[in-house]
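Structure first, then comments.
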Amino acid sequence: MSYVDGFVLAVPKDNIAAYRKLARKAGKIWMEYGAVAYWENIGDDVPPGKVTSFPLAVKLKPGEVVAFSWIVFKSRKHRDKVNAQVMKDPRLDMDPSKMPFDAKRMIFGGFKPLVVL
46 MSYVDGFVLA VPKDNIAAYR KLARKAGKIW MEYGAVAYWE NIGDDVPPGK
96 VTSFPLAVKL KPGEVVAFSW IVFKSRKHRD KVNAQVMKDP RLDMDPSKMP
146 FDAKRMIFGG FKPLVVL
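Numbering (our numbering), first residue to last: 46 to 162.
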């Protein structure tokens, strides 16, 4: 069964082009090392909540939009191997200070699929 890494983050609207450029580059590298699928999405209908929501989760500020992304792998073991290779790849600079978003407000985690249709 597959395994999914998921990400939610806030991207300044002025940085969407830079985020897209980084995402394309990163996606190609992840796919090169064996990821099954790579998705980057920008919020279009992401209302703020009163108790919880994507905007609340990332402490969305004026002028920002929520990004919701995921990478699919064959298994957790496969994910661990692919991610280790990606993190060593010199083409991808993962320095948080160079990201087109505030990496401290990024939410991420690995997930075992429960239902796949």
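Glycine residues also receive a C-beta, built at the ideal position from the N, C-alpha and C atoms.
In the structure shown, Ala71 falls within a helical segment according to DSSP collapsed to helix, strand and coil. When rounded, the separation of the alpha-carbon atoms in Val127 and Pro107 is 35 Å.
Pro100 is classed as buried because its beta carbon has at least 16 other beta carbons within 10 Å across all chains shown. Assigned with DSSP and collapsed to three states, Pro57 falls in strand.
About 24 Å separates the CB atoms of Arg136 and Tyr48; that is not less than 8 Å, and the two are not in contact. Its Cα nearest to that of Met46, the residue Lys122 stands out among Val56, Asp59, Pro93, Lys122.
Under the DSSP assignment, Ala82 falls in the beta strand (DSSP E) whose first and last residues are 82 to 87. Counted as a single uninterrupted DSSP element, the alpha helix (DSSP H) harbouring Val127 occupies residues 121 to 133. Within the same chain, and ignoring the five residues on either side of Lys58 in sequence, the residues whose Cβ sits closer than 8 Å to its Cβ are Gly108, Glu109, Val110. In terms of Cα proximity to Ala112, the closest of Phe118, Asp134, Trp84 is Trp84. Across the structure, Pro145 and Lys66 are spaced so that their CA atoms are roughly 10 Å apart. Each residue's CA atom was taken as its position, placing Val131 and Asp140 some 13 Å apart.
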